[in-house]
Amino acid sequence: MWKGFKNFIMRGNVIDLAVAVIIGGAFGQIVNSLVGDVLTPLIGAIGGRPDFSAITLGPILIGKFINAVINFLFVAAAIYFVIIVPMQKLQEIKKKKEEQAPPPPPKLSEEAKLLKEILDVLSKRTPE
Numbered sequence: 364m365w366k367g368f369k370n371f372i373m374r375g376n377v378i379d380l381a382v383a384v385i386i387g388g389a390f391g392q393i394v395n396s397l398v399g400d401v402l403t404p405l406i407g408a409i410g411g412r413p414d415f416s417a418i419t420l421g422p423i424l425i426g427k428f429i430n431a432v433i434n435f436l437f438v439a440a441a442i443y444f445v446i447i448v449p450m451q452k453l454q455e456i457k458k459k460k461e462e463q464a465p466p467p468p469p470k471l472s473e474e475a476k477l478l479k480e481i482l483d484v485l486s487k488r489t490p491e
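Oh and the sequence shown: position 111 is 474 in the numbering used here, straight run, nothing missing.
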């Protein structure tokens, strides 16, 4: 039973998933801080206090929903402009470098290798 548990834990995809969850949680804090500590106060400084929680439609707290939607849009925009766009630019640069690199020489077949060896031997031979 312990051996099976050890094999399960040591699988590469389980470890990769665990690392992704941890990194995702830490990255979530960065994005939330960017939205809550940078973007929201910036919007508040430009257009007044950006809090719609007091808006109601009868007993329905529509303002909290509006706040959630705006928060979602800020998070999505922050992820797109801070992560996605720069990563796309880096991938384009990498792709251009790969396209500009000369292709590797083709692999020689066994017959071509043998012919090359024969040619090398003949070229080293001195005429008599």
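The beta carbon of each residue, even a glycine, is placed where N, CA and C say it ideally should be.
Keep in mind it's a predicted model, so treat the numbers as computed, not measured.
For residue 446, which option in 374, 372, 431, 390 has the closest C-alpha, if you only look at C-alpha atoms? For this step, residue 446 is matched to residue 83 along the sequence shown. It is 390 whose Cα lies nearest to the Cα of residue 446.
Going by beta-carbon coordinates alone, are residue 394 and residue 442 separated by less than 8 Å? Taking the sequence shown and counting its residues from 1, one reaches residue 394 at position 31. Taking the sequence shown and counting its residues from 1, one reaches residue 442 at position 79. Their beta carbons are under 8 Å apart, which means residue 394 touches residue 442 by this criterion.
What residue does the alpha helix (DSSP H) around residue 470 start on, and which one ends it? Here residue 470 refers to the residue found at position 107 of the sequence shown. It is not in any alpha helix (DSSP H) - residue 470 carries neither H nor E in the DSSP assignment.
Could you pull the start and end residues of the alpha helix (DSSP H) that residue 371 belongs to? The residue labelled residue 371 in the question sits at position 8 within the sequence shown. Its alpha helix (DSSP H) spans residues 365-372.
Please confirm if the region 429-440 is in contact with the region 404-421, defined as three or more CB-CB distances below 8 Å between the two stretches. yes
Does DSSP put residue 420 in a helix, a strand or coil? Start at 1 with the first residue of the sequence shown, and residue 420 comes out as number 57. In this structure, residue 420 counts as strand in the three-state DSSP scheme.
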